[in-house]
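Quick mapping for you: the protein sequence lines, in order, are chains A and B.
Per the working numbering, the first sequence starts with residue 5, numbered consecutively.
Per the working numbering, the second sequence starts with residue 5, numbered consecutively.
By construction, the Cβ of each residue, glycine as well, lies at the ideal position given by its N, Cα and C atoms.
Number of protein chains: 2
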Amino acid sequence: GISANHIKLPNTATEADCIASLNGDPAVHGFIVQLPLDSDKPINTEKITNAVAPEKDVDGLSSINAGKLSRGDLGDCFIPCTPKGCMELIRQTGKEVAIHYSLLQYDIEISQSCILKPIDQVAKEVGLLPDEVELYGQTKAKVHLSALKRLKNQPDGKYIVVTGITPTPLGEGKSTTTVGLVQALGAHLHQNVFACVRQPSQGPTFGIKGGAAGGGYCQVIPMEEFNLHLTGDIHAITAANNLVAAAIDTRIFHELTQTDQALYDRLVPSVNGVRKFSGIQIRRLQKLGINKTDPMALTKEEVSLFVRLDIDPGTITWQRVLDTNDRFLRKITIGQSPTEKGFSRTAQFDITVSSEIMAVLALSDGLDDMKKRLGRIVVASSRRGEPVTTDDLGVTGALAVLMKDAVKPNLMQTLEGTPVFVHAGPFANIAHGNSSVLADKIALKLVGEEGFVVTEAGFGADIGMEKFFNIKCRYSGLRPHVVVLVATVRALKMHGGGPAVTAGVPLPKEYMEENLQLLAKGCSNLNKQIQNARMFGVPVVVAVNAFRTDTKAELALVVQLAKEAGAFDAVECTHWAEGGKGAVALAQAVQRASQTPSNFTFLYNVELPVIDKIRLIAQQIYGASDIELLPEAQKKVALYTKQGFGNLPICMAKTHLSLSHDPEKKGAPTGFILPVRDIRASVGAGFLYPLVGTMTTMPGLPTRPCFYDIDLDTVSGEVNGLF
Amino acid sequence: GISANHIKLPNTATEADCIASLNGDPAVHGFIVQLPLDSDKPINTEKITNAVAPEKDVDGLSSINAGKLSRGDLGDCFIPCTPKGCMELIRQTGKEVAIHYSLLQYDIEISQSCILKPIDQVAKEVGLLPDEVELYGQTKAKVHLSALKRLKNQPDGKYIVVTGITPTPLGEGKSTTTVGLVQALGAHLHQNVFACVRQPSQGPTFGIKGGAAGGGYCQVIPMEEFNLHLTGDIHAITAANNLVAAAIDTRIFHELTQTDQALYDRLVPSVNGVRKFSGIQIRRLQKLGINKTDPMALTKEEVSLFVRLDIDPGTITWQRVLDTNDRFLRKITIGQSPTEKGFSRTAQFDITVSSEIMAVLALSDGLDDMKKRLGRIVVASSRRGEPVTTDDLGVTGALAVLMKDAVKPNLMQTLEGTPVFVHAGPFANIAHGNSSVLADKIALKLVGEEGFVVTEAGFGADIGMEKFFNIKCRYSGLRPHVVVLVATVRALKMHGGGPAVTAGVPLPKEYMEENLQLLAKGCSNLNKQIQNARMFGVPVVVAVNAFRTDTKAELALVVQLAKEAGAFDAVECTHWAEGGKGAVALAQAVQRASQTPSNFTFLYNVELPVIDKIRLIAQQIYGASDIELLPEAQKKVALYTKQGFGNLPICMAKTHLSLSHDPEKKGAPTGFILPVRDIRASVGAGFLYPLVGTMTTMPGLPTRPCFYDIDLDTVSGEVNGLF
């Protein structure tokens with residue numbers, strides 16, 4: 005029987021007719037053959053793998069096949085192969101097959117063509133107990149933090165961080181490499197392995213960027229679940245974030261329209277003749293230095309101090325959020341209804357993943373730690389210059405309740421059936437851009453001492469990796485064994501002086517043809533990022549993510565220069581097209597590197613003055629000659645130091661498109677002075693973030709957003725058009 | 005062993021000491037006794053039930069116990085009982101018990117004291133197949149629509165709708181009665197039964213109202229799951245709603261800043277030299293009467309028509325939403341960032357449950373129907389006066405994808421282990437206020453011909469029930485067998501001229517003491533609502549929801565007057581305090597009523613002119629002498645009639661606190677003229693909604709919101725302070 009995915013064919017056509025007609029269609033790059041899997045008899049994997057002779061654009065797709073077949077536990081088996089390979093397959097196996105043919109246009113088609121293991125089986129395979137797992141349908145599960153407690157005496161596995169050189173705006177494949185590396189380590193080298201990746205924002209899925217599940221034959225699947233609601237963690241953050249925002253404005257409103265006594269009567273009401281402080285109110289009293297627990301015992305002055313947060317509206321740093329690309333909310337005026345009595349002010353909505361609560365989720369190492377961080381978030385200053393916290397607003401408990409499920413990591417799987425934690429996705433500029441500490445910790449226990457946890461740091465190594473070390477590892481106490489640095493010929497040519505690379509515009513010819521000169525010059529960036537990684541005392545393996553247009557000489561040059569620059573090893577990878585098979589050499593290099601001693605060290609001591617910490621990062625990591633603090637930033641250094649936040653680590657908000665602050669400066673610029681415009685504080689998450697340039701915290705929709713192509717087949721329930 | 009919930013006791017105290025000390029505490033109304041359940045030996049239910057001699061406020065709590073024990077499948081058994089009953093229990097069973105004592109202040113304490121069946125067991129009990137169920141943890145599951153297809157030849161069960169008289173602002177217990185009735189029918193009369201209830205908005209949970217899971221010993225559990233994220237359906241609506249909003253403003257922006265040709269080049273880009281319309285673009289062309297599929301074949305005029313939705317910003321009826329009580333978003337100005345080039349406008353945020361997408365979810369009868377409704381939502385008019393739809397914006401497929409999981413009803417359970425569908429929660433004023441058609445349909449198949457599905461209609465019978473019949477039943481094709489009309493002595497006294505009843509203020513003495521005169525007078529409202537239900541040809545059973553302060557004579561009077569007014573039966577109920585046992589008489593009356601012939605008929609034919617339909621509802625249901633359309637409403641009648649929406653059913657947006665438009669008019673007012681201020685259209689959901697008065701679509705937070713009491717125990721993971 006034949007079933008067609010994208011091209012209608014007469015029902016009477018035979019497989020051979022079908023394939024013949026598709027052979028003639030230049031748009032068809034490959035088929036996926038659905039073979040009934042006889043669970044009673046073992047499948048001759050080798051025979052089928054040999055039958056699949058990949059050609060055209062689908063070189064090596066059969067590796068997936070091998071991976072799938074060797075598992076052979078789930079009914080039908082899908083084998084991606086070329087038209088010719090497909091015919092061979094029919095001839096050799098003599099079985100009735102269903103042929104799905106695809107233009108391989110969208111990653112989602114690959115994702116959907118694969119067989120998923122039921123997620124409870126994945127959970128069992130990785131050693132989780134049934135009562136540590138909460139299923140969310142068949143393909144996703146939440147993992148209880150109790151697993152961490154149970155395994156606390158288990159030694160951690162090897163901890164691998166994937167980062168990259170300074171990228172083009174198209175990205176150079178860190179996510180894909182993360183997935184490819186675990187597919188190679190797990191499905192091909194049979195190691196215990198876990199990938200820990202960030203959950204993407206849903207907004208851009210419908211905008212211009214598309215999803216973030218990896219790509220090609222290295223994906224987290226099902227990618228539509230990964231890219232959409234998942235288990236609702238981002239929605240929980242939206243709810244928690246906006247409860248704080250509503251509490252701020254409403255509190256200002258109530259304070260402006262009521263006397264001290266009226267506020268007190270409402271905040272500490274008499275219930276059946278008894279007045280009682282709630283737990284969170286007692287904490288506020290203690291903070292104010294009022295050691296009383298009887299509401300009737302407060303003096304007038306104490307009542308006033310207690311009831312008035314006295315927020316200075318001009319100091320509010322807390323914004324509302326939505327997980328939608330809504331540019332018209334970048335700057336708004338709120339409170340214009342007559343019910344708000346004229347107390348309007350300018351405000352803004354950011355995209356949810358930029359919320360400090362997302363950074364809190366990512367850095368928490370347990371339920372209690374999360375609640376503490378949620379309670380010490382600073383949302384504004386009082387008119388007396390004191391920080392006003394979420395705990396002062398009375399919302400700590402409510403925030404913890406809203407986030408109680410979000411704190412549990414989400415278990416999914418790769419295309420080759422290896423386990424993945426998807427958990428937290430903080431911005432990489434105004435936040436630290438790394439997936440959660442908790443997912444990494446649980447994964448490190450689950451893989452065991454000989455296993456590997458591969459986690460990804462956003463943006464280039466100067467940003468994501470620097471923050472991974474100085475912020476995430478500082479808070480988690482975890483120590484990395486290997487840095488995998490992803491490089492592409494395309495980005496290196498750009499750094500060598502190639503023309504601009506722009507999303508949606510065809511690549512200039514420099515990128516399609518061999519050009520060793522541009523490439524060699526651009527390796528200055530690779531060299532600097534290797535040094536950056538080595539500065540932390542961790543061995544670096546360079547993954548050269550090969551594109552179809554890269555020549556052998558180009559790839560060899562990158563490998564050579566990377567080694568000369570001090571990389572432990574440098575390896576060409578083809579995992580996008582081949583799946584894990586294409587990253588086996590990388591995986592072996594990582595295995596070797598993980599055996600070498602790692603002498604991890606932080607770049608700075610948090611006790612240093614704020615300005616010194618910023619200068620250290622700018623000079624050591626970016627190559628700046630010095631920094632310059634603009635007046636607003638100077639003011640904030642003084643303010644935060646006075647408020648007691650001066651010893652937080654630093655989270656630089658800088659463009660990822662250059663080692664410097666200027667996205668046009670490619671390669672490895674030096675001698676520049678890094679201007680710091682302003683500094684903000686994420687006290688709950690636990691860092692100060694200096695703003696170098698302007699960061700967009702609310703993306704927009706283009707004229708033709710992705711949603712034009714996204715559709716739901718209401719008969720099959722399949723999602724189409726995601727990428 | 006003893007464990008204390010709320011009062012600390014010395015660890016060395018014995019059970020007897022403990023109970024003795026608590027006996028003396030007037031604040032302690034009851035205990036919950038945790039008895040180790042020996043799964044090998046059957047428990048002597050009768051003996052234990054007899055030992056529990058309920059007193060004080062907790063009369064009859066032992067019925068829960070009986071229900072639980074007879075199931076006896078889940079480890080420890082919790083028995084709520086009084087101090088005396090507790091001591092008896094220890095004496096008679098001689099077992100070691102744990103005593104949790106509680107002030108019974110919060111519904112959540114009752115909810116958490118109960119034993120939950122794993123939800124997959126509930127699913128199995130109701131006859132769902134494993135592959136029709138998607139677990140979301142242990143206590144919630146989504147049910148696939150495929151169940152409906154499998155059971156399509158199964159006859160439907162009895163369809164019971166719970167509604168109420170015109171309520172006080174405190175509510176008269178419709179949700180509690182819905183849950184109590186199914187607990188009685190299921191756990192006590194051993195019928196197949198399903199409750200179908202609305203999912204509450206999360207916003208008010210943190211504001212002033214608290215949750216909506218029922219109350220006392222009639223709850224959907226766990227109530228913290230019910231009241232918070234549940235399975236993310238409301239979050240999905242937020243995402244879908246706001247994607248439409250972003251698409252509207254961004255489209256206006258792009259049209260204002262680009263030429264026809266530039267728009268066309270972006271909307272239908274050349275990819276590898278080929279231009280192609282997407283499916284949704286072809287639908288737009290067809291709507292415009294352009295029967296072309298080659299993008300190169302369009303004339304200049306056709307290109308202009310195609311690319312310009314030409315939205316008139318003054319006609320936009322689509323608002324952004326959040327599931328947060330954020331009063332400062334009631335009126336805002338958007339687009340004030342320089343990136344939006346001065347195209348700012350006034351807009352607003354509503355609470356998510358007021359989104360038309362929620363009404364679409366509630367009225368859809370399948371995936372395909374939902375997608376069609378999502379695509380025909382009208383968001384504005386063009387400058388030419390034509391309706392602009394979500395399909396014109398290109399978002400239909402994306403909306404369907406965002407809502408693909410939300411369309412599946414959520415399975416939970418009551419305190420007594422009977423099944424519940426929680427699905428959709430549209431506003432009862434600007435929408436129709438009923439839970440989903442799909443949940444009702446699946447439940448009616450699952451209970452079988454002899455079973456009962458109890459569904460609830462929001463507000464009083466003049467609103468929720470009228471819309472249940474004229475909108476929900478019209479679209480679903482389902483026909484109700486019995487109306488249960490909830491009445492309270494409190495509300496009837498108010499209708500008889502009693503003082504105002506206000507949330508948060510102690511009840512005046514008229515409500516605490518017997519007053520037959522006020523009560524008899526107020527039964528005018530009960531009488532009118534009974535007539536309203538009978539107008540549709542369905543038998544009415546009045547449930548008199550008894551409070552502690554009601555006297556026997558008062559309750560008897562309501563029963564008598566209800567019967568005289570034409571009710572099939574009228575029954576006193578005590579389910580809040582007693583669980584299902586307190587609603588057994590009601591359940592028996594409902595059983596009898598369901599055997600009588602029901603001659604269901606609609607109030608109006610949708611083909612009537614808009615104004616006639618509104619007048620029919622006002623005169624027949626509300627008791628108005630006539631209606632008056634203000635100019636804006638007259639304009640809209642003309643507009644919608646011209647746009648082809650004149651034959652949609654009518655969804656009145658009127659106060660629920662009076663049969664008239666004036667909340668101060670209690671009882672059964674007549675002779676008034678109902679003013680219709682404006683009319684809006686929810687074309688996707690499928691109704692016009694005339695605005696009678698101003699509807700608040702964004703609640704606020706009080707000075708001391710509920711969140712002050714809400715907390716998470718980070719050791720046990722328990723949620724405290726929800727109610």
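A straight line joining the alpha-carbon of V594(B) with that of T698(B) spans about 37 Å. Runs of the beta strand (DSSP E) lying entirely within the segment 414-439 of chain B, each at least 3 residues long, are 414-418, 423-426 in chain order. With the criterion set as a beta carbon lying under 8 Å from some beta carbon of chain B, the members of the segment 126-160 of chain A are E138, L139, Y140, G141, Q142, K146, in sequence order. As the crow flies, the alpha-carbon of A581(A) is around 19 Å from that of A560(A).
A contact is defined here as three or more CB-CB pairs under 8 Å, and the segment 439-458 of chain B fails this definition with respect to the segment 392-407 of chain B.
Burial check for R552(A): the Cβ neighbour count within 10 Å stays below 16, so the residue is exposed. Within the segment 160-194 of chain B, the complete alpha helix (DSSP H) runs of at least 4 residues fall at 178-187. Your pair I238(A) and Q206(A) checks out as a contact, with CB atoms roughly 7 Å apart and the cut at 8 Å.
Close partners of V399(B) in chain A (Cβ separation under 9 Å): F210, P709, F711, Y712, I714. Boundaries of the beta strand (DSSP E) harbouring K146(A): 144-147, taken from the DSSP string. What T337(B) touches in chain A, judged by beta-carbon distance under 7 Å, is I336, T337, Q340, going in chain order.
For A366(B), no Cβ of chain A is located within less than 8 Å of the residue's own Cβ.
In summary, T394(A) is buried, with 16 or more beta-carbon neighbours lying within 10 Å of its beta-carbon over all protein chains present. Among the residues of chain A, those whose CB is under 8 Å from the CB of K375(B) are L716, T718, following chain order. When the Cα atoms are used, L482(B) and K476(B) turn out to be separated by approximately 8 Å. Interface annotation, V405(A): in contact with chain B, CB-CB separation under 8 Å. Between H485(A) and Y268(A), the C-beta spacing is not below 8 Å.
Here the C-alpha atom of G429(B) lies approximately 16 Å from the C-alpha atom of G688(B). A301(A) has a beta carbon lying at 8 Å or more from every beta carbon in chain B. In this structure, N245(A) sits away from I355(A), with a CB-CB distance that is not shorter than 8 Å. T698(B) carries a coil assignment under DSSP once its states are collapsed to helix, strand and coil. If you draw a straight line from the Cα of L496(B) to the Cα of V186(B), it is about 25 Å long. Using a Cβ-Cβ cut-off of 8 Å, I320(B) does not count as an interface residue toward chain A, since no Cβ of chain A sits closer than that to its own. Here DSSP, grouped into helix, strand and coil, assigns I284(B) to helix. Excluding residues up to 5 positions away in sequence, V325, L326, D327, T356 lie with their Cβ nearer than 7 Å to the Cβ of T242(B) in the same chain. Interface residue (Cβ-Cβ distance to chain B less than 8 Å): R681(A) is not classified as such.
Here C655(A) carries a coil assignment [DSSP, helix/strand/coil].
According to the DSSP assignment, S308(B) belongs to the alpha helix (DSSP H) that extends over 304-311.
Scanning the segment 669-694 of chain A from its first residue to its last, no whole alpha helix (DSSP H) run of 4-plus residues comes out. Identification of residues in the segment 276-309 of chain B having a C-beta nearer than 8 Å to some C-beta of chain A yields S282, G283, I284, Q285, given in sequence order.
Excluding its 5 nearest sequence neighbours in each direction, V311(B) has C-beta neighbours in its own chain below 8 Å: E259, D264, L267, Y268, L271, listed in chain order. Exposure of V509(B) is indicated by the presence of fewer than 16 other C-beta atoms within 10 angstroms of its C-beta.
At a cut-off of 8 Å between beta carbons, A402(A) contacts chain B. Not flagged as an interface residue toward chain B: N433(A), since no C-beta distance is shorter than 8 Å. When the alpha-carbon of N474(B) is set against those of C527(B), A435(B), C577(B), the nearest one is in A435(B). At least one CB of chain A lies nearer than 8 Å to the CB of H258(B).
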